Structures are given as C-alpha cells and as structure tokens.
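K.L.:
There's a structure below that I have some questions on.
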Amino acid sequence: MSLMCYNKGCGQRFDQENNLEESCLYHPGIPVFHDALKGWSCCHKRTTDFSEFLTIKGCTKGHHNTQKPLELLKPKVSSNKESPDPLRLNWGPERVTEGPKSAEKLQQERPSSEEPMQKLMMKVSQPLVKALEKLKLDSEEKSTEHDMSSLVVSGTRCKNTGCKEVYRGSESEAETCVFHLGIPIFHEGMKYWSCCAVKTTDFNAFLEQKGCCVAKHAWMKKEGKKQMPCRQDWHQTSGQVVITIYAKNSVPELSRIQANRTVVDICITFEKNNVFQKILNLWGVINIEKSFILMFPTKVEITLKKADLMTWGKLEVPQALIQKEATIAEDGAPQLTSHDSDDSLSWSEEEEEKEIGPTIDNF
Numbered sequence: 001m002s003l004m005c006y007n008k009g010c011g012q013r014f015d016q017e018n019n020l021e022e023s024c025l026y027h028p029g030i031p032v033f034h035d036a037l038k039g040w041s042c043c044h045k046r047t048t049d050f051s052e053f054l055t056i057k058g059c060t061k062g063h064h065n066t067q068k069p070l071e072l073l074k075p076k077v078s079s080n081k082e083s084p085d086p087l088r089l090n091w092g093p094e095r096v097t098e099g100p101k102s103a104e105k106l107q108q109e110r111p112s113s114e115e116p117m118q119k120l121m122m123k124v125s126q127p128l129v130k131a132l133e134k135l136k137l138d139s140e141e142k143s144t145e146h147d148m149s150s151l152v153v154s155g156t157r158c159k160n161t162g163c164k165e166v167y168r169g170s171e172s173e174a175e176t177c178v179f180h181l182g183i184p185i186f187h188e189g190m191k192y193w194s195c196c197a198v199k200t201t202d203f204n205a206f207l208e209q210k211g212c213c214v215a216k217h218a219w220m221k222k223e224g225k226k227q228m229p230c231r232q233d234w235h236q237t238s239g240q241v242v243i244t245i246y247a248k249n250s251v252p253e254l255s256r257i258q259a260n261r262t263v264v265d266i267c268i269t270f271e272k273n274n275v276f277q278k279i280l281n282l283w284g285v286i287n288i289e290k291s292f293i294l295m296f297p298t299k300v301e302i303t304l305k306k307a308d309l310m311t312w313g314k315l316e317v318p319q320a321l322i323q324k325e326a327t328i329a330e331d332g333a334p335q336l337t338s339h340d341s342d343d344s345l346s347w348s349e350e351e352e353e354k355e356i357g358p359t360i361d362n363f
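Numbering-wise, the UniProt record's numbering puts 199 at position 199 of the sequence shown, and it's gapless, one number per residue.
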C-alpha cells in the first residue's frame with residue numbers, strides 16, 4: 001500500500017518497506033519570500049516564478065515522512081487577561097530599544113539659559129607655571145619702582161568699570177579689584193552688563209551688581225592693549241566637546257570661565273594686560289560637574305561633557321532659537337543679549353573710554 005510523503009518539497013508516494021535513509025529528497029527549512037524572490041531558507045537558489053519555486057528540488061536526503069505538518073497555533077480571543085497566550089509561553093523578556101532623540105524633542109527639553117552659572121574646574125599645566133614665573137621676573141628686572149602715593153591723590157576712584165573702591169594709600173595697591181569687563185546695556189526696560197547674564201529692571205540694583213572679573217585696581221589711565229580677540233577652534237567626540245582658545249601665557253588667577261547647562265561665559269587674561277571675553281550659547285546640553293579647563297602656555301582648552309551622547313550640528317545654537325526662547329520667557333522680558341540700546345545715559349569721558357574694557361595690570 002503506497003503512502004503519501006509530507007516532507008516539504010517531496011510530495012511523492014512510497015512503500016513503507018522501501019523507505020530507506022536516502023529515499024526522500026526534501027527541504028528542512030521554510031519558504032522565504034523577499035523582494036519578489038522566492039526560495040527556501042535551507043537553500044541558496046532563488047526564483048521570481050512561483051511555479052518554478054514549487055519545483056525546486058530538495059537539498060537534504062532522508063526517510064519519507066507520513067505525518068502531516070502541525071498547523072500553527074492561533075491565539076484565542078478572550079477578555080480574560082489572566083489566561084496566558086500560548087504563543088508567548090517560550091518568549092524571553094521584552095526589550096525596548098529607543099533611538100536617538102529628535103532635534104524637536106531636544107529643543108523642548110532644553111534647559112533655560114538663565115540658570116545660575118558655576119565655575120568650571122581649572123587645571124594649570126606645569127609649563128605654563130614656569131612661563132609665567134619667567135615673565136614676572138623679566139618684568140621686575142625691566143620695570144622701575146614708582147611711588148604710587150606721589151602720582152595718585154588719596155580718594156581717587158578706581159578707573160575699572162563697576163568698581164567703587166578709592167585710593168587710600170600704598171595698602172590699596174595690594175587689593176584685588178572686582179569689576180565689569182563689558183559695557184552697560186539698556187533694552188526694553190531690562191538693565192544689565194554685556195559680560196554678565198544678571199538682568200534687572202531696577203536701576204539701583206543694576207548699579208550695585210558685583211563685578212564678574214578680577215584684576216588689580218587701575219588708579220591711573222594706562223596705555224596698552226585691553227580687550228583683544230583670540231583665534232578659537234572646537235572639535236567633538238561622542239561624549240564631549242573641546243573648545244580651544246589660542247591665548248598665549250594666560251593668567252589663571254585673573255581668568256574666569258563659568259557655565260550652566262547651555263551657556264559658557266569666558267573671560268581670559270593673557271599676555272600681561274590683554275583680555276578675551278565671550279559668551280557661547282551652546283548647541284547642546286552639557287554636564288557641568290564633569291566639564292573642566294586645561295591651561296597651556298599657548299592655549300586654553302575648555303572640555304565640556306555632553307549630557308546626551310549625540311553629535312552636535314554646531315558649537316552654538318542658531319540665533320533664531322535664542323530669539324524664540326526670549327519670546328516664551330515667563331516674565332515676558334527678552335532673554336536675548338543685545339548690545340543695541342533704546343535708552344541712553346550721560347557718561348563721562350573717562351567712562352566712555354572704558355567701553356572696550358578696562359586695562360589690567362601686569363601679572
């Protein structure tokens with residue numbers, strides 16, 4: 001009595017007595033249909049014709065099989081949530097993999113640029129320490145001692161912008177001056193300094209704002225360079241952004257770099273009395289605690305740890321996004337820093353000369 005073989009790809013009839021080990025030629029795999037190609041998972045042969053697919057000879061030899069293939073189990077539709085799904089009995093734990101956040105979602109989650117600033121950890125290289133010591137010795141050898149008391153009258157006010165200290169004698173020479181490096185800005189009722197992010201509507205509170213830079217007092221006008229531009233560059237890795245400011249012989253004691261999660265405020269004193277100052281509105285968000293500064297004889301490197309492992313499109317956020325942030329601020333006041341002023345004040349000739357920036361004494 002002939003029997004039907006149910007092996008895939010065979011379909012022949014056979015006698016059980018003649019069912020040898022190599023009697024059946026079949027496909028142990030499953031049908032594969034992909035991009036109009038048809039074939040078996042156990043073979044490499046593919047075709048676009050379905051009839052030709054059905055005639056593909058098997059790739060494995062074995063005994064004929066009289067057992068029909070089991071039909072796939074179908075899940076039962078039931079409202080009882082406690083009954084297990086038979087198709088999930090042997091499944092492992094479900095894993096959900098999230099892709100990178102979109103630019104729109106990151107912008108919605110972007111922290112405010114008005115968050116409090118924190119000073120970044122500063123590391124000074126040994127070659128820079130030696131270079132500054134040599135410059136100090138050379139300056140002392142070439143300079144002559146002058147009696148400040150014979151040149152400055154007691155009660156003279158410090159010429160640095162924002163400093164209210166007056167000269168009281170030789171002891172005032174050793175004091176540290178805290179001043180504003182930028183210029184005053186008055187825009188749509190807000191009053192602030194271009195070097196700071198602290199804004200107020202009260203004029204008296206504006207006048208009492210403490211300076212953001214430190215140096216020696218300037219009791220007299222001094223000729224020399226003041227605020228100076230520096231060449232800068234930046235690069236990034238998957239986890240951090242490195243900003244390089246090419247300021248030669250920067251002075252750590254007179255430099256200040258602080259940041260919040262989206263803004264970096266840079267004030268670097270270099271080459272005796274030159275100052276570089278800039279505020280960066282960052283393209284992405286940073287981790288302040290893991291960011292730091294490295295100071296070398298020829299440059300300053302600001303390493304910012306990324307809060308999200310993603311590639312930054314630019315170093316700074318586009319100006320349009322800053323303007324958008326300003327329009328949606330809760331207090332209704334614009335947060336965009338602008339040097340254009342709708343108001344005006346009467347400044348003395350000495351204060352007008354300070355708009356570029358005060359002179360800092362030799363380190």
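Cβ atoms here follow ideal geometry from the backbone N, Cα and C, with glycine treated the same way. The model shown is predicted, which means the values in this text are computed figures rather than measured ones.
Would you kindly report the start and end of the unbroken beta strand (DSSP E) that includes residue 432?
P.N.:
Residue 432 lies beyond the stretch modelled for the chain, which goes from 1 to 363, so this question has no answer here.
K.L.:
For K216, which of T47, E175, F53 has the nearest alpha-carbon?
P.N.:
E175
K.L.:
Measure the C-alpha to C-alpha separation of T201 and A131 and round it to an integer number of angstroms.
P.N.:
45 Å
K.L.:
Counting C-beta neighbours from all protein chains within 10 Å, is the total for R168 16 or more, i.e. buried, or is it exposed?
P.N.:
exposed
K.L.:
Quick one: give me the first and last residue of the alpha helix (DSSP H) that E109 is part of.
P.N.:
Note, E109: premise wrong, no alpha helix (DSSP H); not H, not E.
K.L.:
For K164, which residues in the same chain have their Cβ closer than 8 Å to its Cβ, ignoring the five residues on either side in sequence?
P.N.:
R157, C158
K.L.:
Using only the alpha-carbon positions, how far apart do N160 and K191 sit?
P.N.:
19 Å
K.L.:
Specify the secondary structure class of Q12 as computed by DSSP and reduced to three states.
P.N.:
Note: Q12 maps to coil in three-state DSSP.
K.L.:
Taking all protein chains shown into account, decide if S41 is buried (16 or more other Cβ within 10 angstroms of its Cβ) or exposed.
P.N.:
exposed
K.L.:
Just mark H27 as buried or exposed, buried being the case when its beta carbon has 16 or more other beta carbons within 10 Å.
P.N.:
buried
K.L.:
What did DSSP end up calling S51 once you bin it into helix, strand or coil?
P.N.:
It is helical.
K.L.:
Find out if the Cβ-Cβ distance for the pair C213, F276 is shorter than 7 Å.
P.N.:
no
K.L.:
Looking at the structure shown, is N18 part of a helix, part of a strand, or coil, going by DSSP?
P.N.:
For N18, the secondary structure class from DSSP, reduced to helix, strand or coil, is helix.
K.L.:
Within this structure, are the beta carbons of N287 and A259 separated by less than 7 Å?
P.N.:
no
K.L.:
Which word fits K299, buried or exposed, when buried means at least 16 other C-beta atoms lie within 10 angstroms of its C-beta?
P.N.:
buried
K.L.:
Are the CB atoms of T262 and P111 nearer to each other than 7 Å?
P.N.:
yes
K.L.:
Note down the Cα distance separating S291 from K123, rounded to an integer number of angstroms.
P.N.:
11 Å
K.L.:
Scan the stretch 249–309 and note each continuous beta strand (DSSP E) run of 3 residues or more that stays entirely inside, going in chain order.
P.N.:
256–259, 263–270, 274–281, 286–295, 300–306
K.L.:
Can you list, in chain order, the residues of its chain with a C-beta nearer than 7 Å to that of G211? Leave out the 5 residues immediately preceding and following it.
P.N.:
Cβ neighbours of G211 beyond the five flanking positions: G162, C163, V178, F179, H180.
K.L.:
Please report the straight-line C-alpha distance between K199 and K134, rounded to a whole angstrom.
P.N.:
41 Å
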